[in-house]
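For reference, the structure is listed below as structure tokens.
2 protein chains.
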Amino acid sequence: MSVSPPDQPAFVLVRPQMGENIGAAARAMFNFGLTQMRVTAPRDGWPNERAVALASGAGRILDNAGIFNTTRAALREADYIYATTARPRELTKPVLTPERAMAQARALIDSGQRVAVLFGPERAGLENDDIAPADAIISVPVNPDFPSLNLAQCVLLVAYEWRRQGDTTPPEIIEFAKTRFASGLETEKLGDHFEERLTQAGFFHPPDKIPHMKTNLRNMLGRLPLTLSDVQTFHGMLRQFARWQSKSASASSAPETDND
Amino acid sequence: MSVSPPDQPAFVLVRPQMGENIGAAARAMFNFGLTQMRVTAPRDGWPNERAVALASGAGRILDNAGIFNTTRAALREADYIYATTARPRELTKPVLTPERAMAQARALIDSGQRVAVLFGPERAGLENDDIAPADAIISVPVNPDFPSLNLAQCVLLVAYEWRRQGDTTPPEIIEFAKTRFASGLETEKLGDHFEERLTQAGFFHPPDKIPHMKTNLRNMLGRLPLTLSDVQTFHGMLRQFARWQSKSASASSAPETDND
Numbered sequence: 003m004s005v006s007p008p009d010q011p012a013f014v015l016v017r018p019q020m021g022e023n024i025g026a027a028a029r030a031m032f033n034f035g036l037t038q039m040r041v042t043a044p045r046d047g048w049p050n051e052r053a054v055a056l057a058s059g060a061g062r063i064l065d066n067a068g069i070f071n072t073t074r075a076a077l078r079e080a081d082y083i084y085a086t087t088a089r090p091r092e093l094t095k096p097v098l099t100p101e102r103a104m105a106q107a108r109a110l111i112d113s114g115q116r117v118a119v120l121f122g123p124e125r126a127g128l129e130n131d132d133i134a135p136a137d138a139i140i141s142v143p144v145n146p147d148f149p150s151l152n153l154a155q156c157v158l159l160v161a162y163e164w165r166r167q168g169d170t171t172p173p174e175i176i177e178f179a180k181t182r183f184a185s186g187l188e189t190e191k192l193g194d195h196f197e198e199r200l201t202q203a204g205f206f207h208p209p210d211k212i213p214h215m216k217t218n219l220r221n222m223l224g225r226l227p228l229t230l231s232d233v234q235t236f237h238g239m240l241r242q243f244a245r246w247q248s249k250s251a252s253a254s255s256a257p258e259t260d261n262d
Numbered sequence: 003m004s005v006s007p008p009d010q011p012a013f014v015l016v017r018p019q020m021g022e023n024i025g026a027a028a029r030a031m032f033n034f035g036l037t038q039m040r041v042t043a044p045r046d047g048w049p050n051e052r053a054v055a056l057a058s059g060a061g062r063i064l065d066n067a068g069i070f071n072t073t074r075a076a077l078r079e080a081d082y083i084y085a086t087t088a089r090p091r092e093l094t095k096p097v098l099t100p101e102r103a104m105a106q107a108r109a110l111i112d113s114g115q116r117v118a119v120l121f122g123p124e125r126a127g128l129e130n131d132d133i134a135p136a137d138a139i140i141s142v143p144v145n146p147d148f149p150s151l152n153l154a155q156c157v158l159l160v161a162y163e164w165r166r167q168g169d170t171t172p173p174e175i176i177e178f179a180k181t182r183f184a185s186g187l188e189t190e191k192l193g194d195h196f197e198e199r200l201t202q203a204g205f206f207h208p209p210d211k212i213p214h215m216k217t218n219l220r221n222m223l224g225r226l227p228l229t230l231s232d233v234q235t236f237h238g239m240l241r242q243f244a245r246w247q248s249k250s251a252s253a254s255s256a257p258e259t260d261n262d
């Protein structure tokens, strides 16, 4: 039994059947930093070799799991209890999305409450007697045509929402491989270089379209999220096109000289 | 190959190894309403019996899956491509949470773009050559001490975010089993009943605390989310306590009468 402070919810697996699923649930919890597992009346006893095999890397979740004969015993230290269910029950109870529930759980835990989340056995899910002591129900909004989530998947989604609600990962970052975005000046100079070479190459045609074509070119370069490294690559390409042209120009002029 | 309009992203499994994982990925997709699977170069060929066995209930995702020899071929019709990776790469690329990515994917699809999401093979994940054509990277913010998500779990989380971004499920509802919340008047009358019986029972004591005790009682009844059915249950309890008391009062008064 863990004595760590309850800075996270306990996940209670109620009468789980297959060891594989207990192990997979342990992995799913630890993927999102959760370590407080409780198991009530595991069908195949405890410890469970298959659970250990499947938990690889998250074995310490199983080592520290609390094992109880009844759900009531597993909930003795829980102040606020969520029960996960797929189908509606004949019980008056708030029904929350995982998102709302885990946001609420964070607030409860921040105010010193001990939170538990119940997960039912694989086949039938929680019975109404398991759900009665729960303060609220968590229901994952799945495709109504195919609502069957397995135990470890349900654990994964609730654990994911727990972490997401407290996550400080920026929703978007740019990973720069040893570079940075090109500055306005660098982009402008690249535009100048493009214009110069393209003018030499006879790209801008017919004359009355030239201003429009040049504006489009500048607009494209402005819009693309070019890095300094991209800009340097383009400069290199433009120089190489010029070299290529001058080589073939001198090659073709050489025979002409011979013929002169 | 599906000809349905691309109102959802295609999930592309790149060189998946185990049929079980392909089947589990199909289930995870269909749990959240996604049906457009593409598979490139599955290690064990196609069709795959184990994939079919594991997909039970989501078999039509496999039946309709597009099978390609190369990732490039699988992406031929994609306008915007996300690649899922766990570890950082030496590639300049935006890195998004699943949440942000799927919100963006909805916006792209709403504007007629075709979106694909790449998932790498089980062991090593996507190679840099697979990632290069991607517009952006999706990275699930996992526990850095235990970041290993399996293929089907990664598919599940991205599919969940896809659905969540477009989901209209209220974050909280109250499921009422043939009842409704008690009205203010009903709660007030219950308070009156409590006060009456508790006064008879001698609960309010000492006299100087009585106003405070009564306020606390009213506050508790106000705060608890009592249903009409709960209120009726409490009225029944209070009546029964009164009956119990009067029964024992008359029983104890009877012998006294005999003794008179």
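Top line first, the protein sequences correspond to chains A and B.
Using our numbering, the final residue of the first sequence is 262, and nothing's skipped along the way.
Using our numbering, the final residue of the second sequence is 262, and nothing's skipped along the way.
Glycine included, C-beta positions come from ideal geometry on N, C-alpha and C.
None of the values given here were measured: they were computed from a predicted structure.
Quiz item: Could one say the Cβ of P135/A lies closer than 8 angstroms to chain B's Cβ atoms, at least one of them?
Solution: Between P135/A and chain B, the shortest Cβ-Cβ separation is not below 8 angstroms.
Quiz item: Roughly how many angstroms lie between the CA atoms of G68/A and L120/A, to the nearest whole one?
Solution: Between the C-alpha atoms of G68/A and L120/A there is a straight-line separation of about 14 angstroms.
Quiz prompt | Under the three-state DSSP convention, the category T99/A falls into | solution = It is coil, neither helix nor strand.
Quiz item: DSSP three-state call for G204/B: helix, strand or coil?
Solution: Reduced to three states, the DSSP call for G204/B is coil.
Quiz item: Any idea what DSSP makes of G224/A, helix, strand or coil?
Solution: G224/A: helix per DSSP, three-state reduction.
Practice problem: State yes or no: is the beta carbon of E188/B nearer than 8 angstroms to at least one beta carbon in chain A? | Solution: Chain A contact via Cβ: absent.
Exercise. Apply the 10 Å Cβ neighbour rule to L204/B and answer buried if 16 or more other Cβ atoms are within range, or exposed otherwise.
Key: Per the sequence shown, the amino acid found at residue 204/B is Gly instead of Leu. Result: exposed.
Quiz item: What is the C-beta distance between A161/A and M31/A, in whole angstroms, given that I count them as a contact (C-beta under 8 angstroms)?
Solution: Taking C-beta atoms under 8 angstroms as the contact rule, A161/A and M31/A qualify, at a distance of about 5 angstroms.
Quiz item: Between S254/B and chain A, is there a C-beta pair that is closer than 8 angstroms?
Solution: Answer no: the Cβ-Cβ gap between S254/B and chain A never drops below 8 angstroms.
Practice problem: Can you tell me which of the three DSSP states R29/A falls into? | Solution: DSSP places R29/A in helix when its eight states are reduced to three.
Practice problem: Give a yes or no on whether the minimum CB-CB distance between F13/A and chain B is below 8 angstroms. | Solution: No, F13/A does not count as interfacial toward chain B.
Practice problem: Could you tell me which of L93/B, I24/B and G122/B sits nearest to F178/A, measuring between CA atoms? | Solution: Among L93/B, I24/B and G122/B, the Cα nearest to that of F178/A belongs to L93/B.
Quiz prompt | DSSP state of L120/A mapped onto helix, strand, coil | solution = Of the three classes helix, strand and coil, the one that applies to L120/A here is strand, per DSSP.
Self-check item: Residues of the segment 48-62 of chain A with Cβ closer than 7 angstroms to any Cβ of chain B, in chain order
Solution: From the segment 48-62 of chain A, only G59 and A60 have a Cβ closer than 7 angstroms to chain B.
Quiz item: If you follow the alpha helix (DSSP H) that V160/B is part of, which residue opens it and which one closes it?
Solution: Run containing V160/B: L153 to Q167, per the alpha helix (DSSP H) assignment.
Self-check item: Beta-carbon separation (whole angstroms), P44/A vs I24/A, contact threshold 8 angstroms
Solution: Confirmed, Cβ separation roughly 7 angstroms.
Self-check item: Spatial neighbours of A244/B in its chain, beta-carbon cut-off 8 angstroms, leaving aside the 5 residues before and after
Solution: If we look at A244/B and ignore the five residues flanking it on each side, its Cβ neighbours are R199 and Q202.
Quiz item: Between the segment 92-114 of chain A and chain B, which residues of the former have a C-beta closer than 7 angstroms to a C-beta of the latter?
Solution: Answer in chain order: E92, L93, T94, K95, P96, V97, L98, T99, E101 and R102.
Quiz item: Using a beta-carbon distance below 8 angstroms, is I167/B in contact with chain A?
Solution: The amino acid occupying residue 167/B in the given sequence is Gln; Ile does not appear at that position. Not a single C-beta of chain A is nearer than 8 angstroms to the C-beta of Q167/B.
Self-check item: Interface flag, Q10/B vs chain A, CB-CB below 8 angstroms
Solution: For Q10/B, the answer is no, since every Cβ of chain A falls outside 8 angstroms of its Cβ.
Quiz item: Whose C-beta lies closer than 7 angstroms to the C-beta of P123/A among residues of the same chain, with five residues either side of it excluded?
Solution: Apart from sequence neighbours up to five positions away, the residues of its chain that approach P123/A with a beta-carbon distance below 7 angstroms are V16, R17, P18 and Q19, ordered along the chain.
Quiz item: For M239/B, which of helix, strand or coil comes out of DSSP?
Solution: Here M239/B sits in helix by DSSP.
Quiz prompt | Boundaries (first-last residue) of the alpha helix (DSSP H) holding T42/B | solution = Run containing T42/B: none in the alpha helix (DSSP H); it sits in the beta strand (DSSP E), M39 to T42.
Quiz item: What does L15/A pair with, by DSSP beta-bridge criteria?
Solution: The partner list for L15/A (beta bridge, DSSP) reads V41/A and F121/A.
Quiz prompt | Below-8 angstroms beta-carbon distance, M198/A vs any chain B residue | solution = A small fix is needed here, since residue 198/A is Glu in this sequence, not Met. Not one chain B Cβ lies under 8 angstroms of E198/A.
Exercise. Could you work out which residues of chain B lie near T235/A, taking near to mean beta carbons separated by less than 7 angstroms?
Key: The contacting residues do not exist; T235/A stays about 11 angstroms from chain B at best.
Self-check item: Interface residues of the segment 27-51 of chain B facing chain A [CB-CB below 9 angstroms]
Solution: Residues of the segment 27-51 of chain B with a C-beta less than 9 angstroms from any C-beta of chain A: R29, A30, F32, N33, F34, G35 and L36, listed in chain order.
Practice problem: Going by DSSP, name the residue or residues bridged to A85/A. | Solution: DSSP lists L120/A and I139/A as partners of A85/A.
Quiz item: Nearest to A154/B by CA position, among V14/A, P8/A and A26/A, is which residue?
Solution: Scanning V14/A, P8/A and A26/A for the CA closest to the CA of A154/B turns up A26/A.
Exercise. Name, please, each residue of chain B whose Cβ falls closer than 7 angstroms to the Cβ of V119/A.
Key: Among the residues of chain B, none has a CB under 7 angstroms from the CB of V119/A; the nearest is roughly 16 angstroms distant.
Quiz item: Can you find a CB in chain B that lies within less than 8 angstroms of the CB of S185/A?
Solution: False, the Cβ-Cβ gap to chain B never drops below 8 angstroms.
Quiz item: Measuring CA to CA, which of E22/A, T217/A and H207/A is closest to P49/A?
Solution: Looking from the CA of P49/A, the closest CA among E22/A, T217/A and H207/A belongs to E22/A.
Quiz item: Leaving out the 5 sequence neighbours to the left and right, which residues in its chain are closer than 8 angstroms to T87/B when beta-carbon positions are compared?
Solution: Excluding five sequence positions before and after T87/B, the CB atoms of its chain that fall closer than 8 angstroms to its own CB belong to G122, G127, L128, I133, I139, I140 and S141, given in chain order.
Self-check item: Proximal residues of chain A, C-beta to C-beta of E177/B below 8 angstroms
Solution: Correct list: P90, R91, L93, T94, K95, P96, V97 and I139.
Quiz item: Helix, strand or coil: which one does DSSP assign to F148/A?
Solution: DSSP, reduced to helix, strand and coil, places F148/A outside both helices and strands of the structure shown, so it counts as coil.
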